Structures are given as C-alpha cells and as structure tokens.
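Here's the structure we're looking at; comments come further down.
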Amino acid sequence: ERALPLSDVTLWQIAINSLLNKCTPVFTHLLDVWSSKDASCAEKALQLLATWLRAVRISSHWLPGGDEAAPLRTLAAHVQQLLALVKLAPTAAVEVAQQLARWRLCDDVVA
C-alpha cells in the first residue's frame with residue numbers, strides 16, 4: 097500500500113481531476129437509481145453524496161483553473177431526485193446540506 101507522494105503536485109492534480117470527472121456518473125447513480133428505493137437506501141445514498149461532496153470541495157482547491165461549480169451543476173440537474181431522497185431520509189440530508197453550505201460557489205450556481 098502506497099499513498100500519493102505529498103510532494104508531487106502534478107500527481108495530486110491528476111487524481112483530483114479524475115475525482116471531478118467522476119461526479120456526473122456517481123451523482124447520477126446515487127440520485128437516479130437510489131431515489132426509487134426505500135429509506136435505508138436513501139440514507140446510504142445521501143451519506144455517500146455528502147462524503148463525495150466534501151472530497152470534491154476540499155480537492156478543488158488543489159486544481160487551479162478548474163471548474164469548481166461543475167459538481168454543483170451536476171447536482172442541480174438532479175434536484176428532483178435529490179428531493180425524493182431528502183423526503184425518505186431527512187436526517188441524512190443534513191450532512192449534504194452542510195457540505196453545500198460550505199461550498200463557496202453554491203449560492204451562485206443554485207441561483
């Protein structure tokens with residue numbers, strides 16, 4: 097087991113770019129597929145979404161010139177499915193809301 101070398105900025109940026117590029121398929125899967133499931137599945141989907149949002153938000157600072165708002169636009173495209181999950185598991189939705197509140201560009205993208 098080896099972690100990414102802390103001194104290799106290029107390698108970090110490649111990893112972050114990969115993470116950002118996977119937002120669309122991951123969000124689509126979590127929101128489209130899991131929104132039709134039960135409350136337990138909705139809770140797991142929202143927990144995964146919150147974790148993913150946190151990782152992307154923190155990582156985007158390492159990618160100068162990147163499109164920080166792209167994951168938010170992807171999420172906005174699935175707002176109905178997100179609301180369906182929130183109705184099924186409102187407690188788990190709190191962490192998603194907290195991650196969105198911490199996102200610097202969230203208000204601009206949502207508006």
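Quick note: to get this note's numbering, add 96 to the position in the sequence shown (first position is 1). Glycine included, each C-beta is placed from N, C-alpha and C at the ideal position. Every value quoted in this text rests on a predicted model; they were computed, and no experiment measured them.
| query | Relative to the alpha-carbon of residue 191, which residue among 180, 148 and 173 has its alpha-carbon at the smallest distance? | reply | Minimum Cα distance to residue 191 is reached at 148.
| request: Using alpha carbons as the reference points, say which of 198, 176 and 199 lies closest to residue 124. | output: 176
| request: Assign residue 107 to buried or exposed, taking buried as 16 or more other Cβ atoms, counted over all protein chains shown, within 10 Å of its Cβ. | output: Residue 107 should be labelled exposed.
| Alpha-carbon to alpha-carbon, residue 155 and residue 111 | 9 Å
| said: Going by C-alpha to C-alpha distance, which of 131, 121 and 104 sits closest to residue 178? | reply: 131
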